[in-house]
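A.B. asks:
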């Protein structure tokens with residue numbers, strides 16, 4: 107049984123779904139194209155963070171592509187918004203360090219880990235702040251849209267990066283997930 111609310115903004119086409127799930131409350135903002143100078147995107151993102159602060163914080167899945175500095179600035183100004191998970195983070199090493207210091211988590215998928223930059227960034231992320239994802243249906247795996255179980259490819263890549271067995275990595279990822287959803 108899911109309950110949902112909509113954060114209605116001045117433009118009803120820019121609403122945001124907030125899902126109350128048994129494992130915790132998760133807010134997933136729409137893609138934030140702040141880097142293109144879209145003030146409406148920053149307005150929506152700020153409104154989401156303000157709403158999260160008002161209800162005591164939420165888990166947030168955030169896409170920061172080409173806007174990492176602006177996203178991190180906004181998160182820093184809204185520290186009580188909850189736990190940010192940066193999806194497929196592609197910022198600079200400096201921005202990565204800042205995100206880690208702000209308490210961000212990171213979700214990584216097989217497509218991200220297939221590239222050298224993605225692997226390079228993941229090597230710098232604390233292992234206790236990483237979750238896996240497939241990024242389907244947007245990412246491609248073997249020439250087709252990624253499916254949820256394709257996140258196992260990310261686990262295999264992490265095992266290689268961390269010099270651990272798949273079983274050890276699976277244990278780390280499960281521990282991370284439980285830690286994330288059991289936060290107050």
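Residue numbers (the numbering used here): 107 to 290. Every residue, glycine too, gets a C-beta built ideally from N, C-alpha and C. Quantities reported herein were computed from a predicted structural model and do not represent experimental measurements.
Taking just the CA atoms, how far does residue 243 sit from residue 164?
C.D. replies: Cα to Cα, residue 164 sits roughly 25 Å from residue 243.
A.B. asks: Specify whether the region 173 to 181 and the region 216 to 224 touch according to this definition: at least 3 beta carbon pairs, one from each stretch, less than 8 Å apart.
C.D. replies: These segments do not touch.
A.B. asks: For residue 292 and residue 209, I'd like the C-alpha separation in whole angstroms.
C.D. replies: The question about residue 292 has no answer here: the residues shown for the chain are numbered 107 through 290.
A.B. asks: Report the three-state DSSP secondary structure of residue 288 (helix, strand or coil).
C.D. replies: Three-state DSSP puts residue 288 in coil, outside helix and strand.
A.B. asks: Report the residue ranges of all alpha helix (DSSP H) runs contained in full by the region 187 to 275; include only those spanning at least 4 residues, in chain order.
C.D. replies: Complete alpha helix (DSSP H) runs here, min 4: 199 to 207, 216 to 220, 222 to 230 and 257 to 268.
A.B. asks: Per DSSP, which one or two residues make a beta bridge with residue 184?
C.D. replies: The partner list for residue 184 (beta bridge, DSSP) is empty, contrary to what the question assumes.
A.B. asks: When the Cα atoms are used, what is the spatial distance from residue 263 to residue 152?
C.D. replies: Those two C-alpha atoms are separated by around 34 Å.
A.B. asks: Taking the straight line between their C-alpha atoms, what separation do you get for residue 161 and residue 285?
C.D. replies: If I take the Cα positions, the gap works out to 20 Å.
A.B. asks: For a quick check, are the C-beta atoms of residue 201 and residue 175 less than 9 Å apart?
C.D. replies: Closer than 9 Å, so yes.
A.B. asks: Could you name the residues of the same chain whose beta carbon sits closer than 6 Å to that of residue 170, not counting the 5 residues immediately before and after it, in chain order?
C.D. replies: These residues qualify, in order along the chain: 177 and 192.
A.B. asks: As a quick exercise: from 251, 257 and 156, pick the residue whose alpha carbon is nearest that of residue 236.
C.D. replies: Residue 257 is the option with its Cα nearest to residue 236.
A.B. asks: When you compare the CB positions of residue 166 and residue 203, do they come within less than 9 Å of one another, or not?
C.D. replies: Not a contact, by the Cβ cut-off of 9 Å.
A.B. asks: Between the beta-carbon of residue 206 and the beta-carbon of residue 223, is there less than 9 Å?
C.D. replies: No, these two residues do not count as a Cβ contact at 9 Å.
A.B. asks: For residue 167, list the residues DSSP reports as bridge partners.
C.D. replies: Residue 167 pairs with 191.
A.B. asks: Excluding the 5 residues flanking residue 107 on each side, which residues of the same chain have their C-beta closer than 7 Å to its C-beta?
C.D. replies: Here residue 107 scores only 31 on pLDDT, less than 50, and its place in the model is too uncertain to base an answer on.
A.B. asks: Quick check on residue 162: does DSSP put it in helix, strand or coil?
C.D. replies: DSSP places residue 162 in coil when its eight states are reduced to three.
A.B. asks: If I measure Cβ to Cβ from residue 186 and keep anything under 7 Å in the same chain, skipping five residues before and after, which residues do I get?
C.D. replies: These residues qualify, in order along the chain: 159 and 163.
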